[in-house]
Each structure stands twice: as C-alpha cells, then as structure tokens.
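Student: Under the numbering used here, the first residue of the sequence shown carries the number 931, and numbering increases by one thereafter.
Don't be surprised by glycine CBs; every beta carbon is placed ideally from N, CA and C.
Predicted model, so just to flag it, every value in this text is computed and none were measured.
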Amino acid sequence: MGEFFQNFFSKIGYAFSQPHLIIFSILDLIVTFFIVYGLMMFLKRNNAIRLFKYIAISSVIAIILTNRPEMPILGKLATYFFLVLLLGIFVLYTDDTKRVLRRLYSGKEYQRAYNIQYNCSEEDLRTAIADIVKAVQSMSKKNTGALIIIAPDNIPEAIIESGTTIDANLSASLIECLFSTKAPLHDGAVFIRGNKIMAAGCFLPLTQNTTLDKELGTRHRAAIGETEQYDSHLAIIVSEETGVISVARRGEIVRYYDSVMLNEVLEQIYGLKGTVKSDRK
C-alpha cells in the first residue's frame, strides 16, 4: 500500500513540476473533487450513502492490487472481482439503486409537477384544499388515524390496485367517512388528485430507513416510503394515538402541522402558491 501511495503522489508531483501540465493538473483535481463530492451528497440526500461506501472501499482495494506489478495475476483477479462486487452491491441494495435511478429519471418530472393541468378550475382546487384541511383538523381532534396522499401526477397502477377505486368528488365528510374506524378501508391510504378522491384503502411501501424515530408508526413509515419513491407526492398523516398532524415529502417528515401550514403546503403542491384569489383582501 505504501508503494501505491508513493507512486500516486510522485505522479502528482511530476504533473505539477511541468509548467505545461500545471493548469490541466489543477483542473483535473478540481473536477475529480466536485464529481466525488456531488456523488456523495446526492447519495446522502437519497439515503443511499452506504452504496457509495461499499463502492469506494472496493475501488480502493482494486486500485491498490492492480498497481502491484509483481502480482499481475492477483491484479487481474482484483479487477474482475471489483466488477462482480459492483454488480453484487447494486443487486443486494436494489431498493437504494431503484430510488437513485428514479430520482435521476424523475428530476425533470418533479420540476414540472406544479405545472400539471387539472380537469377543474382554480376555485375547485381551493375548495378541495379547504376540505382537506377541514377533514384533517377534524380527525386530529378526534384522534382518528389517517394517511392521505396528494398525487399531482399519475398514480402508480399497482398502488391503485392494492386498494379500492373511488373516483369521487372530494369533500371533507367523505374523507372522514373513509377513515372512520367502522369503514373497511380505513387502514389504507387515500389518494387524491386535484379535486377527486381516486382510491382508498391502498397499501404503500414502507421506508427502509433505520434511523427514524421509534415513535413513528406504520402510517408514518408508509408515508415516508411513498414519498421516497415518488418525488412529486405529498403525504399527510394523522396519528391515531396523539392526533398530531405530520407531512412527508421527498422522504422527509415534518410533524406538528397546523391548519395554516397545511393550507400553505397544499397550495404549493397544487401549484396555487403565489396566486391571489380575486375576492381576497
């Protein structure tokens, strides 16, 4: 290992000792630094930093072994082993890999989420927001557990099929009825798009994040898992134990929402943030 680092630093020293190579050497270091740093931050934000750790360790081992001229066979084996190990890491951590790839693919879709056109007017959307806030506040006071997903874009077919299709106009009373403990669909999630309740009783993927607060129950973990996989979705959770209202977005959860905060985040997800209603003062 000592010889590897000696050769490594001697090459860097040689590059910086040549006037015509200094600019390229500095540029090389800067670009490499930002690529590695950007990759680490991206994986960290997507809860997939362990992928980077394993890949980095494997890369270091492979580089050290392949730079041992007195061990050519082992060096070749290390190269092939690194490729197999790299493939194995992506297979073993399929969920992490899928999440990262989905984020890369859906980045532009996420930016366009607020520009989606609904088959209803702005007034209808504002009425829907008011009904959602009213229902959530009412269920919070009664300690009625609830999990509501606001989906600006298309809802995955597999999730819809896990529950019951509703496709009904949204109202506060209907939301409360669906989460009533006497209702057969109350344990699942309700999906809302625009001013429509699309489905109820849907089952969601639970997050695999092991660092979450132990107090968070199944609904909270399902909300986090859903928003980890689908960036544009917003999850609203009401705890049946405490009545606390929480909101999950992009895999992160914020607790203790009030009606003002809830109205604000709903206006944002519906693309109404910054618009002013004509009869408002």
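#1: Using C-beta distances below 6 Å, list every residue in its chain close to Asn1073, excluding the 5 sequence neighbours before and after it, in chain order.
#2: Comparing C-alpha positions only, which one of Val990, His1163 and Leu1142 sits nearest to Ala1178?
#3: Consult DSSP for Thr1137 and reduce its assignment to one of helix, strand or coil.
#4: Are there three or more Cβ pairs, one per stretch, closer than 8 Å when the region 1113-1123 is compared with the region 1183-1200?
#5: When burial is assigned at 16 or more other CB atoms within 10 Å of the CB, is Tyr1187 buried or exposed?
#6: For Leu1100, which three-state DSSP category applies?
#7: Can you list, in chain order, the residues of its chain with a C-beta nearer than 7 Å to that of Lys1211? Leave out the 5 residues immediately preceding and following it.
#8: Taking a contact to mean a Cβ-Cβ separation below 7 Å, would you say Leu1108 touches Ala1058 in this structure?
#9: Could you tell me the alpha carbon to alpha carbon distance between Thr1094 and Ile1175, rounded to whole angstroms?
#10: Thinking C-alpha only, which one of Lys1071, Phe1133, Ala1153 and Thr1148 is nearest Ala1088?
#11: The alpha helix (DSSP H) that contains Arg1056, what's its start and end?
#12: Give me the DSSP bridge partner(s) of Leu1164.
#13: Below 6 Å CB to CB, which residues in the same chain sit around Pro1135 once its five sequence neighbours on both sides are set aside?
#14: Who does Val1120 pair with in a DSSP beta bridge?
#15: In whole angstroms, what separates the C-alpha of Val961 from that of Val990?
#16: By the three-class DSSP mapping on this structure, what secondary structure does Thr962 have?
#17: DSSP three-state call for Gly1131: helix, strand or coil?
#18: What number of angstroms, rounded off, separates the C-alpha of Ile965 from the C-alpha of Asp1143?
#19: What is the DSSP secondary structure of Gly1204, counted as helix, strand or coil?
Tutor: In terms of the structure at hand:
#1: Glu1170 and Gly1173
#2: For the residues Val990, His1163 and Leu1142, the minimum Cα distance to Ala1178 belongs to His1163.
#3: coil
#4: no
#5: buried
#6: coil
#7: Annotation note: pLDDT 35 at Lys1211 (below 50); position unreliable, coordinate value reported separately. Closer than 7 Å at the Cβ level, and outside the excluded window around Lys1211, lies no residue.
#8: No, the pair does not count as a contact, with Cβ atoms beyond the cut-off.
#9: 25 Å
#10: Phe1133
#11: Glu1052 to Lys1072
#12: Ile1080 and Arg1179
#13: Gly1155
#14: Beta-bridge partners of Val1120 (DSSP): Ile1078.
#15: A direct Cα-Cα distance of roughly 19 Å separates Val961 from Val990.
#16: DSSP places Thr962 in helix when its eight states are reduced to three.
#17: strand
#18: 32 Å
#19: Note that Gly1204 scores a pLDDT of 49, beneath 50, so its modelled location is shaky; the value from the coordinates is reported in the next line. Three-state DSSP puts Gly1204 in coil, outside helix and strand.
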